[in-house]
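Numbering (this note's numbering), first residue to last: 1071 to 1471.
In this text, a Cβ means the ideal position worked out from N, Cα and C, and glycines have one as well.
Here the structure is a predicted model, which means the values were calculated and not measured.
All remarks here apply to the structure that follows.
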């Protein structure tokens, strides 16, 4: 949004440079990037990103530091996916914000959702410098938060993901990683940390040990960088070679329980001006509707355990609400709808931006914001899948001075 940088970028934009950006990203990630990359980075005031980072830190601590919430979130972790050895805090946090216009005309961040799960920490640190280089931007622009350099950023990621183990004994675990749109991110981690992206269905269990195949050998796994979304395991009916409840001699970077503990499930428990009102659907049916708009056009219905916007319904009807069985209603939220303000000037018109602040939280230390991600769009939803047929939308990077 910062001027004159926004207008200068638009005026100097060349399609050939955008094509060069895409080619460089493909080369740097050893694959063809399948999601839409926006034509432009976003130029934000540093103070705005810092405000979002502080709100996200506050909201995370509201949950993790609350014995009441932690007890309540036990119910959010499905019994068959409850993993032993949960650590005291999530290693990864992402907090998404939209920008809304206040009554006084100023812009303010509004929470979209938060998730204790890794985002594209690797890919995002590749995208930003390629924007800088291809478009010849001033090197004063930064993208890593918290004063991190390339060296300190990757050192911290290595401490959390690899720990004290040999890289060969650490895997990035996913469902069929070669088919995932996040494959570019996986390849960055393979190249930077020396770990291997492995399909969860290709593991082998031997007593308390998990192993993965490599060059004709079976390699013991000491630590797992967890990227598995169990919703996908369920939807695809994947048969796993181990049970999440097994006693295993393995550590987790991103313990699976946290994916459920801090998620859409958390929204009704948060108390902050930046948080939209939300209630569980069973409580809405029981009459608890404080703070929610009565106008259905102002509401969203969200399933708790979907990913990438699957199953979200805008302005839900009575038929849609009553179609959800009583025993399933606790797995849905009714939430106040957040209407983003289009703030990014582009040659295709103003575009909305959703900003994700991404945090790392090493054991025994402090939660810290390290990088951000931007998704730009003009539709009802901001995900790259929902905006792939437009221009000047998609995944982007937040630059600041």
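Helix, strand or coil: which one does DSSP assign to residue i?
i: residue 1405; result: strand
i: residue 1176; result: coil
i: residue 1437; result: coil
i: residue 1205; result: coil
i: residue 1389; result: helix
i: residue 1222; result: helix
i: residue 1399; result: helix
i: residue 1316; result: coil
i: residue 1351; result: helix
i: residue 1301; result: helix
i: residue 1420; result: coil
i: residue 1269; result: strand
i: residue 1289; result: strand
i: residue 1241; result: strand
i: residue 1022; result: Coverage of the chain is limited to positions 1071 through 1471, which leaves residue 1022 absent and any answer about it impossible.
i: residue 1185; result: strand
i: residue 1445; result: strand
i: residue 1158; result: coil
i: residue 1335; result: helix
i: residue 1465; result: strand
i: residue 1107; result: strand
i: residue 1149; result: helix
i: residue 1283; result: strand
i: residue 1078; result: helix
i: residue 1248; result: helix
So the beta strand (DSSP E) residue i belongs to, where does it begin and stop?
i: residue 1296; result: 1293-1296
i: residue 1371; result: 1369-1373
i: residue 1164; result: 1162-1171
i: residue 1142; result: Residue 1142 -> not in any beta strand (DSSP E); alpha helix (DSSP H) instead, spanning 1137-1143.
i: residue 1261; result: First-last for residue 1261: 1253-1263, but that is the alpha helix (DSSP H), not the beta strand (DSSP E).
i: residue 1234; result: Looking at the DSSP string, residue 1234 is not in any beta strand (DSSP E), and its letter there is neither H nor E.
i: residue 1274; result: 1274-1276
i: residue 1322; result: 1321-1323
With 7 Å as the threshold, decide whether the Cβ of residue i is near any Cβ in chain B.
i: residue 1075; result: Absent here is chain B; the protein component of the structure consists of one chain.
Ends of the alpha helix (DSSP H) at residue i?
i: residue 1127; result: 1116-1134
i: residue 1358; result: Per DSSP, residue 1358 belongs to no alpha helix (DSSP H) and is neither H nor E.
i: residue 1085; result: 1085-1099
Within this structure, are the beta carbons of residue i and residue j separated by less than 7 Å?
i: residue 1437; j: residue 1127; result: yes
i: residue 1422; j: residue 1164; result: no
i: residue 1131; j: residue 1323; result: no
i: residue 1216; j: residue 1258; result: no
i: residue 1347; j: residue 1361; result: yes
i: residue 1242; j: residue 1297; result: yes
i: residue 1214; j: residue 1444; result: no
i: residue 1349; j: residue 1338; result: yes
i: residue 1333; j: residue 1308; result: no
i: residue 1472; j: residue 1430; result: Look at the range of the chain in this structure, 1071 to 1471, and you will see that residue 1472 is not part of it.
i: residue 1246; j: residue 1269; result: yes
i: residue 1330; j: residue 1275; result: no
i: residue 1169; j: residue 1411; result: yes
i: residue 1111; j: residue 1467; result: yes
i: residue 1424; j: residue 1166; result: yes
i: residue 1082; j: residue 1113; result: no
i: residue 1366; j: residue 1385; result: yes
Use the C-beta contact count for residue i: other C-beta atoms within 10 angstroms, 16 or more gives buried, fewer gives exposed.
i: residue 1219; result: exposed
i: residue 1465; result: buried
i: residue 1249; result: exposed
i: residue 1387; result: exposed
i: residue 1439; result: buried
i: residue 1201; result: buried
i: residue 1325; result: buried
i: residue 1266; result: buried
i: residue 1327; result: buried
Whose C-alpha, out of the options, is nearest the C-alpha of residue i?
i: residue 1318; options: 1327, 1278, 1347; result: 1278
i: residue 1181; options: 1200, 1217, 1129, 1137; result: 1129
i: residue 1115; options: 1149, 1178, 1095, 1272; result: 1178
i: residue 1397; options: 1212, 1240, 1353, 1367; result: 1353
i: residue 1187; options: 1295, 1110, 1224, 1236; result: 1295
i: residue 1104; options: 1254, 1410, 1430; result: 1254
i: residue 1264; options: 1240, 1300, 1283, 1274; result: 1240
i: residue 1146; options: 1404, 1374, 1283; result: 1374
i: residue 1292; options: 1234, 1299, 1285; result: 1234
i: residue 1084; options: 1209, 1390, 1426, 1205; result: 1205
i: residue 1405; options: 1208, 1074, 1081, 1370; result: 1370
i: residue 1197; options: 1088, 1382, 1419, 1395; result: 1088
i: residue 1211; options: 1072, 1142, 1122; result: 1072
i: residue 1434; options: 1148, 1229, 1151, 1190; result: 1229
i: residue 1284; options: 1256, 1174, 1231, 1238; result: 1238
i: residue 1415; options: 1403, 1446, 1392; result: 1446
i: residue 1426; options: 1383, 1122, 1155; result: 1122
i: residue 1363; options: 1432, 1407, 1154; result: 1407
i: residue 1316; options: 1256, 1224, 1149; result: 1149
i: residue 1108; options: 1099, 1095, 1101; result: 1095
Could you tell me if the beta carbon of residue i falls within a distance shorter than 6 Å of some heavy atom in the ligand ATP?
i: residue 1201; result: Among the components modelled here there is no ligand, and therefore nothing to report on the ligand ATP.
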